[in-house]
Amino acid sequence: MSSEGVASGSPQGTSLPDPGDFFKYLLSRADDSMVLAQRMGEWISNGPELEEDIALGNIALDHLGVARALYTYAGAVEGAGRGEDDLAMLRSEREFMNLLLVEQPNGDFANTMVRLLFFDAYQKEMWTDLLTSADDTLAGIAGRAAKEAGYHLRHSSSWVLRLGDGTDESHRRAQDAVDRLWKYTGEMFEDNDERYRVSWEGVVGQVLDEAGLGIPDDPYQRTGGRSGFHSEHLGFLLAEMQWLQRSHPGLEW
Amino acid sequence: MAAAEPSGVGVVSRVAIDIDRVRSVVRALVDPEIPVLTIEDLGILRDVGVEGDKVIATITPTYSGCPALRQIEDDIVAGVTREGYDVEVRVQHNPPWTTDWINAEAMEKLAAFGIAPPTAPEEVLCPRCGGTDPKMVSLFGSTACKAFMVCSSCGEPFAYFKRF
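Residue numbers (numbering that gives the first Met the number 0), protein chains in the order written: chain A, 0 to 252; chain B, 0 to 163.
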């Protein structure tokens with residue numbers, strides 16, 4: 000195990016992880032997808048054109064679907080009888096372990112697309128890696144999610160190219176977005192996910208380069224999401240998302 | 000009535016599950032979004048079996064964002080319950096679903112329905128006029144599994160079932 004450089008508790012690689020660590024791992028990745036789906040849902044009916052509105056809604060549904068599969072599986076791994084709704088709707092802000100990147104407000108369309116580019120490239124690396132996980136269920140979920148992440152990345156890359164290499168205004172907004180969001184990218188490569196950094200930098204660097212966008216000089220990086228320390232934005236997002244289940248426990252459509 | 004009852008009063012004697020009949024019922028269920036194809040045609044239905052006195056149907060989700068999955072689960076439960084049996088629907092993630100599981104006949108049915116089947120993107124033909132040079136409008140169409148294209152020959156928009 001150690002000869003492969005894989006920490007115990009990691010689902011990556013050929014050995015099965017410790018159940019407690021594995022539960023947390025599944026939960027944190029489910030939280031990434033859940034929080035991003037909620038953010039993207041805010042775009043519905045506000046997209047810049049009809050096709051894009053539908054695309055953003057579709058991608059949000061992909062993330063929601065992955066979150067549901069991961070929450071359901073996390074609940075089974077935990078073995079305490081908690082289901083997908085309990086884990087998504089009845090945990091507090093400090094218990095969420097998503098990346099700070101996904102909870103940031105959408106901002107304008109350029110900010111939304113730059114965030115997606117950063118995150119899609121990360122998820123594509125992660126899901127591709129997890130195809131060979133020793134855990135069958137996670138490998139199966141990754142089988143779908145890796146293909147989806149490929150479609151998502153094509154979409155966000157093409158928009159960042161158009162915006163960065165578009166008008167003066169679209170370029171300015173795209174560059175502002177890169178400057179604003181770059182400090183949330185380092186957190187993606189903590190712990191065992193460090194292995195994704197080089198490929199990620201290659202993919203994202205090439206898109207930014209072609210788009211004529213630069214990476215900020217400031218090396219400052221924010222962190223804390225994976226340990227439950229969030230920016231001021233997550234609480235508001237969860238309040239809106241969880242309100243119905245908190246007010247009317249067990250309510251179903 | 001009493002004469003027909005088994006000796007153990009109060010014990011409901013279970014009729015053996017007619018699995019062939021249950022299978023044919025479940026296999027005939029159609030996809031809510033693409034009603035010309037059954038869930039078997041699409042490769043969503045993996046297995047129908049029996050454990051004890053319960054029917055077990057195993058399905059594999061397509062796209063993560065497919066909103067039809069819940070409807071499919073409900074349809075299976077309703078269909079088997081109508082036959083008088085208990086049923087459990089199990090979701091199996093591995094092996095992951097792929098459009099390679101859609102059989103040739105189903106591909107033809109899709110095209111006849113107006114949806115370009117999941118061929119390679121450069122081989123997509125307009126399902127209406129057979130035009131060979133359609134343009135991609137959006138990778139994400141009316142549902143997660145479909146892209147939105149427009150035919151360069153007849154000008155009609157159509158959905159392309161993305162290869163997955």
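Where is the CB? At the ideal position from N, CA and C, for every residue including glycine.
Distance check for residue j and residue i, CA to CA, integer angstroms please.
i      : j      : result
B/C125 : A/Y195 : 40 Å
A/G4   : A/E186 : With a pLDDT of only 37 at A/G4, under 50, the local geometry of the prediction cannot be trusted, and the value read off the model is given with reservation. Their Cα atoms are separated by approximately 20 Å.
A/N110 : A/L69  : 27 Å
B/R26  : B/G42  : 10 Å
B/P60  : B/P95  : 8 Å
B/R22  : B/V47  : 6 Å
B/L109 : A/V113 : 36 Å
A/V34  : A/L207 : 25 Å
A/D17  : B/G51  : 33 Å
B/R251 : B/V76  : Lying outside 0 to 163, the shown extent of chain B, residue 251 of chain B is not represented and no answer is given.
A/F228 : B/G113 : 50 Å
A/S155 : B/E104 : 35 Å
B/D132 : B/S151 : 6 Å
Here's a check: name, in chain order, each residue in its chain whose Cβ is nearer than 8 Å to the Cβ of residue i, leaving out the five neighbours to either side.
i      : result
A/R245 : M88, L89
B/I71  : L28, D30, P31, I38, I43, I58
B/G64  : A143
For residue i, tell me which candidate among the options has the shortest Cα-Cα distance.
i      : options                        : result
A/Q205 : A/D175, A/Q122, A/L160         : A/L160
A/D30  : A/E50, A/R67, A/T127, A/E41    : A/R67
B/T98  : B/I38, B/L28, B/D17, B/P31     : B/I38
A/I43  : A/L180, A/A59, A/N97           : A/A59
A/R221 : A/L207, A/F188, A/Q241, A/D192 : A/F188
B/P156 : B/D52, B/C144, B/F163, B/A115  : B/A115
A/G234 : A/R93, A/A144, A/L100          : A/R93
A/L162 : A/R143, A/F108, A/N191         : A/F108
A/V197 : A/E77, A/E124, A/W252, A/E102  : A/E124
A/G223 : A/L243, A/Y183, A/D52          : A/Y183
B/F163 : A/G165, A/A148, A/D167         : A/A148
B/V149 : B/D40, B/V136, B/L68, B/S141   : B/V136
Within this structure, are the beta carbons of residue i and residue j separated by less than 8 Å?
i      : j      : result
A/V202 : A/A120 : yes
A/L115 : A/A173 : no
B/I55  : B/V49  : yes
A/L99  : A/S230 : yes
A/V76  : A/F21  : yes
B/G140 : B/A146 : yes
Taking Cβ-Cβ distances shorter than 7 Å, what residues in chain B pair up with residue i?
i      : result
A/T136 : H92, N93
A/N57  : G64, F139, A143
A/V65  : S63
Who are the neighbours of residue i on chain A, taking C-beta pairs under 7 Å?
i      : result
B/L109 : Neighbours of B/L109 on chain A: none; closest Cβ ~19 Å, over 7 Å.
B/W100 : Residues of chain A passing the Cβ test: none, with the nearest at roughly 13 Å.
B/F147 : E50
B/F163 : K146
For residue i, which residues from the same chain have a beta carbon less than 6 Å from its beta carbon, with the 5 sequence-adjacent residues on both sides left out?
i      : result
B/T118 : none
B/M106 : P116
Here's a check: name, in chain order, each residue in its chain whose Cβ is nearer than 7 Å to the Cβ of residue i, leaving out the five neighbours to either side.
i      : result
A/P248 : none
B/V87  : First, the amino acid is wrong: residue 87 of chain B is Glu here, not Val. Same-chain partners within the cutoff: K53, I55.
Taking Cβ-Cβ distances shorter than 9 Å, what residues in chain A pair up with residue i?
i      : result
B/V136 : E50
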